[in-house]
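Only one structure is covered here, and it is reproduced in the block below.
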Ligand SMILES: [Fe+2]
Ligand SMILES: [Fe+2]
């Protein structure tokens, strides 16, 4: 179990680095469209992989909040893919939010929902 939890937390660090790269690529003056798209795609791929792993850990632990959590993951994935599509079609300009939406998006999910799971799993009452 300890391994599962340290993997989750390593994933979170990695996601947060990838978000920083998105923010950087969006705010850099010499950044190209493909730099930004690469950064966004790397984030999406890492998020997808992380969500699968995290849901597997939750399933194994019998977490009662799993379906709600799964729903939030699906929603995050959808928002990110939609964003990438809109960006690709030129409907979002790189500096419209400077990538900060992603930062608050994932920060909120990790701080609120992932931590709910971690405190549930470390509580002696289940
Ligand atoms: Fe999560
Ligand atoms: Fe997570």
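In my numbering, the protein residues as written are 127 to 252. Using N, Cα and C, we set each Cβ at its ideal position, and we do this for glycine too. This structure is a prediction, so every number in the text was calculated from the model and none was measured.
- One Cα belongs to residue 183, the other to residue 130, and the distance between them is close to 7 Å.
- Distance from the CA of residue 149 to the CA of residue 179, rounded to the nearest whole angstrom, comes to 25 Å.
- Taking 9 Å as the cut-off, the beta carbon of residue 170 is found no closer than this to the beta carbon of residue 219.
- In the structure shown, residue 154 adopts coil according to DSSP, grouped into three states.
- Excluding its 5 nearest sequence neighbours in each direction, residue 250 has no C-beta neighbour in its own chain below 7 Å.
- By the Cβ criterion, the region 131-150 is not in contact with the region 189-205, since fewer than three pairs of Cβ atoms, one from each stretch, lie closer than 8 Å.
- The criterion of a C-beta distance shorter than 9 Å is not satisfied by residue 152 and residue 216.
- Taken atom to atom, the span from the alpha-carbon of residue 132 to that of residue 189 is near 17 Å.
- Looking only at 163, 177 and 237, the smallest Cα-Cα distance to residue 212 is reached by 163.
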